[in-house]
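Residue numbers (our numbering), protein chains in the order written: chain A, 1 to 537; chain B, 1001 to 1234. Just below is one structure, and these are the notes that go with it.
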Amino acid sequence: MNKVLSLIKTCMSDNMNLFRVKTKNQSEKSKKILPIVLFLIIFFYMWSFASMIIEPLVGTGKEFVLLTLFVCFTSIMTLVEGIYKSSSLLFNCKDDNLLLSLPISKSMVLFIRIFKFYVFELMYNSLFLVPAMVVYALNVSVGWTYYLATIVAILLLPIIPIIISCLLGGFISMSSSSFKNKNIAQIIITMAILLLVFYGSFNLQGYIDNLANTATSIHEKITQIYYPAKAYINLATNFNIGEFLLFLGIHIALFALSIVVLSKKYFSVNSRVKSVPTGSHKGDYKIKTNTPMKSLIKKELNRFINSPVFVTNAAFGLAIFLVGCVLISVRFEGIANSFIMEDDTISIQSIESFIPIILFGFICFTSLMSSITSSMISLEGKSFSILKSLPIKPFKIILSKVLTAVLIMIPIILIGDIVMFIRFKFNIFEIIIILLSSIVLPLVAETIGILVNLKYPKMDAENDTEVVKQSMSSMISVFIGMVLTGLTGIGLVVCAFSNIHKDLIILGGLLVYILIYVLLLIHLNRKSVKKFNSINV
Amino acid sequence: MIEIKNVTKKYGDKTAISNISFNVNDGEIFAFIGHNGAGKTTLIKSIVGIHDFDEGDILINGKSIKTNSIECKKEMAFVPDNPELYENMKAIDFINFMCDMYEISQETREINIKKYAKLFEIENNLNDTINSFSHGMKQKIALISALAHDPKVLIMDEPFVGLDPKAVFDVKEIMNEMIKEGKIIFFSTHILDVAEKLCSRVAIIKKGELVKVGSMEEIKGDKSLEKVFLELEK
């Protein structure tokens, strides 16, 4: 047991560095302020969202639907993210040589990997689940059994999505390892599975149209499909010791079983993932000359496409944007109708007139939630010293990272724009504003990303997932994206319901973001080089 | 010429190197020796501009690495002790990348890459990705990248670790050729025999402080460098 605890402690210590509160270093202390503020804002968002959902349910006896929705949302989120995170978290880690050479079983190595995954998801899920569970407790009279069931549920709910995503991650790694270009194969298989899961969960969302009227049916649909949601709601509303023990037992047994099953193939899949093909075009190498900036961008693109988790993380948001634009264009009437209540005076035509505002909001959401640069410094790892030794100005290196990221994002956003321009009537002014927004918003997002990563670098990650999905930098970038998207959304909705002309609304939005970009650029110019030089590896 | 003037570098409260001063002259092979954790890599990384330092200055051919780092770096090449290269790049793409950063002409890189790839017998592996390479092969790629732009100053941290005997011999030959052209070679090593045979001057560092610096004859007298070093370590 001491061996297990020692292993967990050692393997977790690096990941938990930023969560330690006691530090004498003043700059470390100041680094904690931003994540805490952002955490509180997201908590407040979730609290407000949960309060909004429970409001029409209070007194109907259907308040538990709030819990069902949040359990369902966090489980899908854990599953979707887990699918593309698990391959990189489980296989080909930098500490493989150390751990696999120790006198411990392979299942123990696998347990450590999955446990690290679990702890991160537990913290992330709690940010969404806790506000909803507290809002429920404040609106419904609950006893101590509710709190017991809720605490245990928070601890257990990430387990099943993690198990499924680890099994799928194992399948993806095993399937892609037989291809010559494993990374590309892994990206394609992961994206295919993700789109399938997303399609399934999107269909589930179709049931959620009129909350107060269909509350019970939503609850029934979700609990029929997903046992943990059913068990937790039963325990929260009508505690039963037998069901509680069953809930506990099933999760622990499934976790143990999945370790046993996965460990059977773990070693061979890990070896196959590690193997690298060699020997093509012997002696037939090409010596080419490029400008330093072009060469830096090529280097960044090479790093990007060779990291499946990096590509999938960026591509998923962009794919949703593209699919969203196509869906809105093809099935606009159907989607618009689902937003119109029986007693509403709003028409499809009036919704259509808001399309430029909706598209602006959508571009804002996609850009700000898909920060690529928030990982680019950390992904350099130990090779960061190569960059520091080059006769190139650090600002140019930083700029090359931002340019690479916007070069990945902007073309896809522009395709979505063009689809919308073809389907809906945009005037020339709106087209110009939308096109400019499609350039400015990714620039804002990527400049924020690089600034955050320069402030919160993680240069010693065991794998790319720790950087792309589980680092302080990536989390803060997502949180900043959530806050800015939320504020933009509120601003757009408030303006749209006032008498301001819709063209002025998107122009105002664009001008605000241009101003933000200019301020960020000034900050980047002043601070980034010092931050860059202060990173030691 | 490399002029190291009263350089001090701290990591938080800990002083890694303290008030280090010495010069390395043109046409000199200079060995920098010390036990593990003595501060060798810290000083080397300060010279090549990877680490900032708290006090003092380092001049490369009269230019300060603090205030004129780009010009200094253009004249230098650095080979790290543990070559952490871009693992997903093909070896030739990495070398091309490094040449692009030093803005080396197509003609010069054609000559130098082919020359050193042939010398290190790695021509047939240049199309492979670096993550398929052994430590020694990565070290050879780092050496080719460093030598491709004909640096006036070559800084190396433990350059012989992981290299096969032929490659070690080749590196020593390259070093001798370079000093004939008046270039500077500054390297750290634990292989004291090599330092003794190859270097004209040597510096010994202990717990971040310079304990000896001078010509090889001055330092070792009639003893071996190994003996002198072990005596100083007591």
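Glycine included, every Cβ here is placed at the ideal spot set by N, Cα and C.
Review point. If you measure from the beta carbon of Glu1103(B) to each beta carbon in chain C, is any gap under 8 angstroms?
Key: In the structure shown, chain C cannot be found, because the protein chains are A and B.
Review point. With distances taken between CB atoms, is the gap from Ile114(A) to Ile259(A) smaller than 8 angstroms?
Key: yes
Point to revise | Per-residue DSSP class, three states only, for Glu1059(B) | key: The question names Glu, yet the displayed sequence has Leu at residue 1059(B). Reduced to three states, the DSSP call for Leu1059(B) is strand.
Point to revise | Ordered list of alpha helix (DSSP H) runs contained in the region 1118-1203 of chain B, each at least 4 residues | key: Counting only runs of 4 or more, we get 1135-1147, 1165-1180, 1192-1198.
Check your understanding: If the cut is a Cβ gap below 9 angstroms, which residues of chain A does Gln1106(B) touch?
Key -> Here the neighbours are Ile287, Lys288, Thr289.
Check your understanding: Among the residues of its own chain, which have a CB less than 6 angstroms from the CB of Thr1042(B), if the five just before and after it don't count?
Key -> Lys1009, Ala1016, Ile1017
Point to revise | Option in Ile386(A), Phe421(A), Leu368(A) with minimal Cα separation from Pro442(A) | key: Leu368(A)
Check your understanding: Beta carbon of Leu168(A), beta carbon of Ile188(A): below 8 angstroms?
Key -> no
Review point. Is the CB of Asn313(A) under 8 angstroms away from at least one CB in chain B?
Key: no
**Study point:** Minimum Cβ-Cβ distance from Phe1169(B) to chain A less than 8 angstroms
**Key:** no
Review point. Name the chain A residues whose beta carbon is nearer than 9 angstroms to that of Thr1129(B)?
Key: Val276, Pro277, Thr278, Asn306
Practice item. Give a yes or no on whether the minimum CB-CB distance between Leu1085(B) and chain A is below 8 angstroms. Key: yes
Review point. Can you give, in chain order, each stretch of the alpha helix (DSSP H) that sits fully within the region 133-198 of chain A and has at least 4 residues?
Key: For the region 133-198 of chain A, whole alpha helix (DSSP H) runs of length 4 or above, ordered along the chain, are 144-156, 159-176.
Check your understanding: What residue from Phe1186(B), Val1079(B), Asp1054(B), Ile1020(B) has the CA that sits closest to Leu1143(B)'s CA?
Key -> Val1079(B)
Exercise for review: Could you check if Met1089(B) is buried or exposed, using at least 16 other CB atoms within 10 Å of its CB as the buried criterion?
Suggested key: buried
Exercise for review: List the endpoints of the continuous beta strand (DSSP E) containing Ile1017(B).
Suggested key: 1014-1024
Exercise for review: Decide if the region 470-480 of chain A is in contact with the region 394-409 of chain A; the criterion is three or more beta carbon pairs, one per stretch, under 8 angstroms apart.
Suggested key: Pairwise C-beta distances place the region 470-480 of chain A out of contact with the region 394-409 of chain A, as fewer than three of them are shorter than 8 angstroms.
Point to revise | Contact with chain A by Gly1027(B), beta-carbon distance below 8 angstroms | key: no
Check your understanding: With 16 other CB atoms within 10 Å as the buried threshold, where does Val21(A) fall?
Key -> Model confidence at Val21(A) stands at a pLDDT of 45, short of 50, so the residue's coordinates are unreliable; what they give is reported in the following sentence. Classified as exposed, Val21(A) has fewer than 16 neighbouring CB atoms from the shown chains inside 10 Å of its CB.
Practice item. Could I get the ranges of all uninterrupted alpha helix (DSSP H) runs contained in the region 372-412 of chain A, with 4 residues as the minimum, in chain order? Key: 384-389
Check your understanding: Secondary structure at Ala461(A), three-state DSSP: helix, strand or coil?
Key -> coil
Review point. Is the CB-CB distance between Ile1033(B) and Ala1195(B) below 8 angstroms?
Key: yes
Check your understanding: If you measure from the beta carbon of Gly170(A) to each beta carbon in chain B, is any gap under 8 angstroms?
Key -> no
Exercise for review: Please go through the same chain and pick out, in chain order, the residues whose beta-carbon is closer than 7 angstroms to the beta-carbon of Ile1060(B), but skip the five residues on each side of it.
Suggested key: Excluding residues within five positions, the ones whose Cβ falls inside 7 angstroms are Ile1002, Cys1072, Glu1075, Met1076, Val1153.
Practice item. Can you pull the chain B residues whose beta carbon is under 9 angstroms from the beta carbon of Arg303(A), in chain order? Key: Tyr1086, Asn1088, Met1089
Check your understanding: Residues in its own chain within less than 8 angstroms of Gly613(A) by CB, not counting five upstream and five downstream?
Key -> The structure shown does not extend to residue 613(A), since chain A spans only 1 to 537, so no value can be given for it.
**Study point:** Interface flag, Asp1054(B) vs chain A, CB-CB below 8 angstroms
**Key:** no
Review point. Would a check of beta-carbon distances place Leu1126(B) closer than 8 angstroms to chain A?
Key: Put simply, the CB of Leu1126(B) is near chain A, with a gap under 8 angstroms to one of its CB atoms.
Exercise for review: Give, in chain order, every residue of the region 1148-1165 of chain B whose Cβ lies closer than 7 angstroms to some Cβ of chain A.
Suggested key: none
Check your understanding: Arg303(A): buried (16+ other C-beta within 10 angstroms of its C-beta) or exposed?
Key -> buried
Exercise for review: On a CA-only basis, which of Tyr285(A), Ala137(A), Met376(A), Leu451(A) is nearest Thr1129(B)? Give me that one, please.
Suggested key: Tyr285(A)
**Study point:** Beta carbon proximity, Lys299(A) to chain B, threshold 8 angstroms
**Key:** Interface residue, yes.
Exercise for review: Check distances from the C-beta atoms of the region 369-390 of chain A to those of chain B and list, in chain order, the residues that come in under 8 angstroms.
Suggested key: Hits within the stretch, in order: Gly381, Lys382, Ser383, Ser385, Ile386, Lys388, Ser389, Leu390.
Check your understanding: Is the Cβ of Val1007(B) closer than 8 angstroms to any Cβ of chain A?
Key -> no
Practice item. Locate the beta strand (DSSP E) running through Ile1033(B), then write down its first and last residues. Key: 1029-1033
Practice item. Go ahead and label Gln349(A) buried or exposed: buried means 16 or more other beta carbons lie within 10 angstroms of its beta carbon, across all protein chains shown. Key: exposed
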